[in-house]
Amino acid sequence: MVRPERLRRLSSQSPNPDGDFVLYWMIAARRPAWNHALDRALELALLWQRPLVVLEPLRADYPWASDRHHAFIIDGMRANAAAFASTPVAYYPYLEESPDAGTGLLAALSRHACAVVTDDYPAFFYPAMLGAAGRQVPVRVEAVDGNGLLPMRSAGRLFTSAYHFRRHVQRVLPEWLDDMPEPEPLGWIRLPTPPVLPEEILTRWPPADLSRATDDLVAACPVDRSVPATTSVGGWQAGTDILDRFLAERLHRYGSDRNEPGPPAATSGLSPWLHFGHVGAHQIVSRVLDEAGWRAPSAAIKATGAREGWWGLDASAEAFLDQIITWRELGFNECALRPDFDAFETLPAWAVATLTEHEADPRPHQYTLAALEAAATHDPLWNAAQTQLVRDGVVHNYLRMLWGKKILEWSASPREALEVMVGLNNKYALDGRDPNSYNGIMWVLGRFDRGWPERAVYGKVRSMSSKNTVRKIDAAGYLETYGGGLPGPSQAALGLA
């Protein structure tokens, strides 16, 4: 049973137990398992003994809509269709082939529904869309928070640092570790036969023909053609395969090598599948703990805020769990409780003050958005990171920090830097438009950090340089892959001599 702390009622309407079906409007947790929202929809369908309809729509006009993001989501829709095919669930995939063509579909379906269940998500266009649904749907609408191990609003307050949030997690997480969504909810469920949906709905909003190739489906949608699809395949099955390979091949190196860009990198590579909801945090954490043979401690966990030691696992597993729980859920907490989370003014007061004070500092290098987007700067390591972003839709975690810091240094103002970082990240990154990536960008400008020795342009905000970065990592393979064949991270090759 989904705990009430994960439920948020969006409408004042009552449910209609006599409706034809329960409707799950799948918009963020796009997966057929490990999904609290799906569990809640199944719960209501069993309660009222009604069929379940899963509507998974894809708008054509969301901000930064492109071949890249559309293809990844459509891959996921195809995987979901296969998963639901042999179950008593009616799966309804819908692709808008023109802006606003899908307007009215949710309302039309909900007029036949007992209730609507959907995914709670605190960033991008989702809060506004959920609010509109709550006003327009004629039956009860519930949003279910399955984003992390902790409900994202449960703390009731914001945190100024990962240390303080980690202490909170260590104090309260034990009571949530058993609150796992069903790993195989469709394997045992028994529901009435799926309904035949009204012909007028199917005619006006025809379900997507997922037997067609992804490229063909994307080509029919009016999205940005300048951002092509990557070689990454979306969907729950592909995401699970990535998780399997990470656990088998790279997790043991994560503690020591996660800052090395490779290839091969030691990072999980899961962020695109996490962002699009093709895998979930519960699934990942459960697999890591199971692989390690972890058992809940009999004594209470000490809430010290320490990054290591409280799981009783090896350093690599503990470091990875800190990223997937502490840092990721800190981002969801911030976005859920601070609606203007991406505004410059929401940075810590000390960061706003010091960046403003140094706004007029001379900048030895200053680049236009076009030059940055084209990876046409004097810095080969930064260019390689931007090239990876444009080509693959991701940036290695450590170099993403450098990528942001240099944009701050090379922009006319910190506000312009924020705009550039958000724009480039959201346009090209498969894991952009996400609470975690927004907070990573805001970290570049001082959020969740402390003051450092004062420097030009940065003020007291932490600085990074390519020269120091290349001393800490082996960038040869990375530059070979993304830097136009540079021979390696020598001072001369990096232009840092």
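Numbering (the numbering used here) for the sequence shown: -4 to 492.
Glycine residues also receive a C-beta, built at the ideal position from the N, C-alpha and C atoms.
Between which two residues does the beta strand (DSSP E) containing residue i stretch?
i: Thr113; result: 108 to 114
i: Glu137; result: 136 to 139
Please state whether the Cβ-Cβ distance between residue i and residue j is less than 9 angstroms.
i: Val213; j: Ala66; result: yes
i: Ser461; j: Trp377; result: yes
i: Ala96; j: Ala55; result: yes
i: Gly143; j: Ala276; result: yes
i: Pro259; j: Val389; result: no
i: Arg1; j: Asp173; result: no
i: Val84; j: Ile184; result: yes
i: Ala379; j: Thr299; result: no
i: Glu354; j: Pro409; result: yes
i: Thr188; j: Ile69; result: no
i: Pro58; j: Arg428; result: yes
i: Arg321; j: Arg161; result: The question names Arg, yet the displayed sequence has Thr at residue 321. Contact: yes.
i: Ala203; j: Leu50; result: no
i: Leu440; j: Leu413; result: yes
i: Gln131; j: Leu100; result: no
i: Glu177; j: Asp285; result: no
i: Tyr19; j: Val111; result: yes
i: Trp447; j: Gly399; result: no
i: Ile402; j: Leu419; result: yes
i: Ala36; j: Val17; result: yes
i: Leu269; j: Arg323; result: yes
i: Pro232; j: Ala74; result: Looking at the sequence shown, residue 232 is not Pro but Gln. In contact: Gln232 and Ala74 (Cβ atoms closer than 9 angstroms).
i: Leu104; j: Val48; result: yes
i: Ile22; j: Thr113; result: yes
Hey, could you find the ends of the alpha helix (DSSP H) residue i is sitting in?
i: Pro506; result: The chain is shown from -4 up to 492; residue 506 falls before or after that span and cannot be answered.
i: Trp20; result: Unbroken run through Trp20 is the beta strand (DSSP E), 16 to 20; no alpha helix (DSSP H).
i: His159; result: 157 to 167
i: Ser9; result: Unbroken run through Ser9: none, as it is neither H nor E.
i: Arg466; result: 461 to 467
i: Pro375; result: 375 to 387
i: Thr476; result: 471 to 477
i: Thr341; result: That residue, Thr341, is in no alpha helix (DSSP H); it is neither H nor E in DSSP.
i: Lys455; result: Where Lys455 is concerned, there is no enclosing alpha helix (DSSP H), given that its DSSP letter is neither H nor E.
i: Thr209; result: 209 to 214
i: Leu413; result: 409 to 423
i: His277; result: 276 to 286
i: Gly326; result: 323 to 332
Assuming residue i and residue j form a contact by the criterion Cβ under 8 angstroms, report the distance between their Cβ atoms to the nearest whole angstrom.
i: Glu170; j: Arg3; result: Contact doesn't hold; Cβ gap of about 20 angstroms is too wide.
i: Pro217; j: Pro94; result: 7 angstroms
i: Trp306; j: Ala312; result: 7 angstroms
i: Pro46; j: Pro190; result: 5 angstroms
i: Gly454; j: Thr349; result: 3 angstroms
i: Asp219; j: Ala365; result: With a Cβ gap of about 16 angstroms, Asp219 and Ala365 do not count as contacting.
i: Pro133; j: Ile468; result: With a Cβ gap of about 56 angstroms, Pro133 and Ile468 do not count as contacting.
i: Pro430; j: Ala24; result: Actually they do not touch by this definition, with Cβ atoms about 14 angstroms apart.
i: Pro343; j: Leu205; result: Rounded, the Cβ-Cβ distance is 47 angstroms, inconsistent with contact.
Helix, strand or coil: which one does DSSP assign to residue i?
i: Gly143; result: coil
i: Arg1; result: helix
i: Pro52; result: strand
i: Arg450; result: strand
i: Asp204; result: coil
i: Leu403; result: helix
i: Leu47; result: strand
i: Asp317; result: helix
i: Asp219; result: strand
i: Ser61; result: strand
i: Ile296; result: coil
i: His360; result: coil
i: Asp444; result: coil
i: Ile196; result: helix
i: Ile184; result: coil
i: Trp306; result: coil
i: Ser501; result: With the chain represented from -4 up to 492, any question about residue 501 goes unanswered, as that position is not in the structure.
i: Ala224; result: coil
i: Val390; result: coil
i: Asp70; result: helix
i: Ala369; result: coil
i: Glu179; result: coil
i: Leu397; result: helix
i: His353; result: coil
i: Leu172; result: coil
i: Ala36; result: helix
i: Val543; result: For residue 543 there is no data in the structure shown, the boundaries of the chain being -4 and 492.
i: Ala24; result: coil
i: Asn75; result: helix
**Study point:** Ranges of the alpha helix (DSSP H) found wholly within the stretch 229 to 267, counting only runs of at least 4
**Key:** 231 to 240, 246 to 252
**Study point:** Sequence ranges, beta strand (DSSP E) only - wholly within the stretch 78 to 132, length at least 3
**Key:** 84 to 90, 108 to 114
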